[in-house]
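*Asks:* Its first residue numbered 1, the sequence shown is counted upward by one per residue in my numbering. By construction, the Cβ of each residue, glycine as well, lies at the ideal position given by its N, Cα and C atoms. What follows is a structure written as structure tokens; I'll ask about it next.
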Amino acid sequence: MIKSDLINFIKNHDEMEIYYKYLIGQEVWYFINNAESHSEQYDEFKKFISKKLGVPFNNIAIVGSAKTKFSFSPTKGFKEFCDDSDLDLIIVSKLYYKKLWSAYRKIAQETYLQGFANKTSNVFNGFIGVKDSDETYGNEDLNDWQRLIRTFKADLQLKFNVHHEVNYRIYADWESVQDYHIRGINKLKEGLVKNEVN
1 MIKSDLINFI KNHDEMEIYY KYLIGQEVWY FINNAESHSE QYDEFKKFIS
51 KKLGVPFNNI AIVGSAKTKF SFSPTKGFKE FCDDSDLDLI IVSKLYYKKL
101 WSAYRKIAQE TYLQGFANKT SNVFNGFIGV KDSDETYGNE DLNDWQRLIR
151 TFKADLQLKF NVHHEVNYRI YADWESVQDY HIRGINKLKE GLVKNEVN
């Protein structure tokens, strides 16, 4: 994917078209870059995550710069995926969302929660972001989550050549996924228009 082509597409298409083409579609730059049969590899990856987490296949998606090669974050200026980038993985699960939200809420009521502002911002944006390196504060649900995702971390590297830290974005529903990304695309488009004017 060429950056200028991506920018032109974003300028000339509406938010939903961009969302469907670049954020929900089957093409994942990370696998195109690392595997010959990238579509099948992505399916196998989703199947693997589905079985490990007990989440339906269609409730799993890679997003962010691992998906498109370039970040869609309005503040990152189409930054290219690199060695220190995270692989952003959407998991749509009411069960996990409720469990993790309740865990962080309980922790925040009892002690200082590191990254409180970031975590609350994520919740207002419709998701909970967790990595396997996050502090668990001894919370049983967070400990269970950490243990679960750590059990297959090596498999992600060996089977799918995933050597980047995975940032799990847990959403309660697809409406929240769409809302978050459409708002981001709107900001991205506004920034491109503003740059053209200046």
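Looking at the structure shown, is ASP88 part of a helix, part of a strand, or coil, going by DSSP?
*Replies:* Three-state DSSP puts ASP88 in a strand.
*Asks:* Can you name, in chain order, every residue of its own chain whose Cβ lies under 6 angstroms from the Cβ of LYS79, other than the five neighbours on each side?
*Replies:* Around LYS79: SER71.
*Asks:* Compute the beta-carbon to beta-carbon distance between ASN139 and LYS106, rounded to the nearest angstrom, for a pair I have assumed lies under 8 angstroms.
*Replies:* About 7 angstroms separates the two Cβ atoms, so the contact holds.
*Asks:* Apart from the five residues just before and just after ASN198, which ones in its own chain have a Cβ nearer than 7 angstroms to its Cβ?
*Replies:* Per-residue confidence for ASN198 stands at a pLDDT of 42, beneath the threshold of 50, marking its modelled position as unreliable; no derived number is given.
*Asks:* Please identify the residue among ALA172, ASP173, GLU44, GLN157 whose C-alpha is closest to the C-alpha of VAL210.
*Replies:* Because the chain in this structure spans residues 1 to 198, residue 210 falls outside the shown range and cannot be described.
*Asks:* Do GLY184 and SER73 have their C-beta atoms closer together than 8 angstroms?
*Replies:* It is a contact, given that the beta carbons lie within the stated cut-off.
*Asks:* Near PHE57, which residues of its chain fall below 7 angstroms by C-beta distance, leaving aside the five closest residues on each side in sequence?
*Replies:* Excluding residues within five positions, the ones whose Cβ falls inside 7 angstroms are LYS46, LYS47, SER50.
*Asks:* Does ILE170 come out as helix, strand or coil in the three-state DSSP assignment?
*Replies:* Strand.
*Asks:* Would ILE62 and ASP88 be called neighbours here (beta carbons separated by less than 8 angstroms)?
*Replies:* It is a contact, given that the beta carbons lie within the stated cut-off.
*Asks:* In this structure, does DSSP put ASN198 in helix, strand or coil?
*Replies:* Bear in mind that a pLDDT of 42 at ASN198, under 50, signals an unreliable position, so the number given afterwards is only what the model happens to contain. Three-state DSSP puts ASN198 in coil, outside helix and strand.
*Asks:* Runs of 4 residues minimum, wholly inside the segment 98-182: which ones carry the alpha helix (DSSP H) assignment?
*Replies:* Segments of the alpha helix (DSSP H) lying fully in the segment 98-182: 116-124, 140-151, 153-160.
*Asks:* Does the distance from the C-beta atom of TYR180 to that of PHE116 stay below 8 angstroms?
*Replies:* It is not a contact, given that the beta carbons lie outside the stated cut-off.
*Asks:* Could you tell me the boundaries of the alpha helix (DSSP H) in which ILE18 lies?
*Replies:* Unbroken alpha helix (DSSP H) run through ILE18: 15-18.
*Asks:* Going by DSSP in three states, VAL193 sits in which element: helix, strand or coil?
*Replies:* Correct three-state label for VAL193: helix.
*Asks:* From ALA66 to GLU40, what distance separates their C-alpha atoms?
*Replies:* Near 16 angstroms, if we compare the C-alpha coordinates of GLU40 and ALA66.
*Asks:* Is DSSP giving GLU44 helix, strand or coil here?
*Replies:* Correct three-state label for GLU44: helix.
*Asks:* Near LYS98, what residues of its chain come up, given a Cβ to Cβ distance below 7 angstroms and the 5 sequence neighbours on each side ignored?
*Replies:* Closer than 7 angstroms at the Cβ level, and outside the excluded window around LYS98, lies no residue.
*Asks:* Output needed for PHE152: all residues of its chain with C-beta closer than 7 angstroms, excluding positions within five of it in sequence on either side, in chain order.
*Replies:* Only LYS52 meet the Cβ criterion.
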